[in-house]
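Numbering (the working numbering), first residue to last: 3 to 108.
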């Protein structure tokens with residue numbers, strides 16, 4: 003299951019983390035976000051201990067969303083060593099996210 007990221011824990015959970023972090027910016031009213039969330043839950047199980055995968059509800063956590071300029075959802079950021087290394091906006095099949103994880107996990 004994916005982790006819940008918030009404005010309060012984002013720095014410690016994502017920015018200060020050595021591992022690749024995959025952050026799903028979503029909202030409860032966004033239909034495509036629900037599908038992406040389910041896909042990322044599966045990837046979170048498959049990459050447990052290797053990649054930190056989590057979700058950030060933009061409605062409840064506006065600070066991080068504003069910091070990263072997230073205006074369209076779903077939006078998935080790939081962050082490593084405190085820097086955004088990749089981004090995907092919109093819904094995609096599992097293999098798209100998995101390919102991006104593989105590109106940046108090393």
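All C-beta atoms in this analysis are idealised placements derived from N, C-alpha and C, irrespective of residue type, glycine included.
Asked                                                                                                                                                               : Found
Can the beta-carbon of residue 80 be found less than 8 angstroms from the beta-carbon of residue 24?                                                                : yes
Taking the runs of the alpha helix (DSSP H) that are 4 residues or longer, which of them lie wholly in the region 15-70?                                            : 33-48, 64-69
For the alpha helix (DSSP H) that contains residue 81, what are its first and last residues?                                                                        : Not the alpha helix (DSSP H): residue 81 falls in the beta strand (DSSP E), residues 77-82.
With a cut-off of 8 angstroms on the beta carbons, I'd call residue 4 and residue 55 a contact; round off their distance for me.                                    : 5 angstroms
Can you say whether residue 86 is buried or exposed, counting buried as having 16 or more other CB atoms within 10 angstroms of its CB?                             : exposed
Using three-state DSSP, classify residue 87 as helix, strand or coil.                                                                                               : strand
Taking contact to mean 3 or more Cβ pairs, one atom from each stretch, closer than 8 angstroms, check whether the region 68-75 and the region 21-41 are in contact. : yes
Are residue 22 and residue 82 close, meaning C-beta to C-beta below 8 angstroms?                                                                                    : yes
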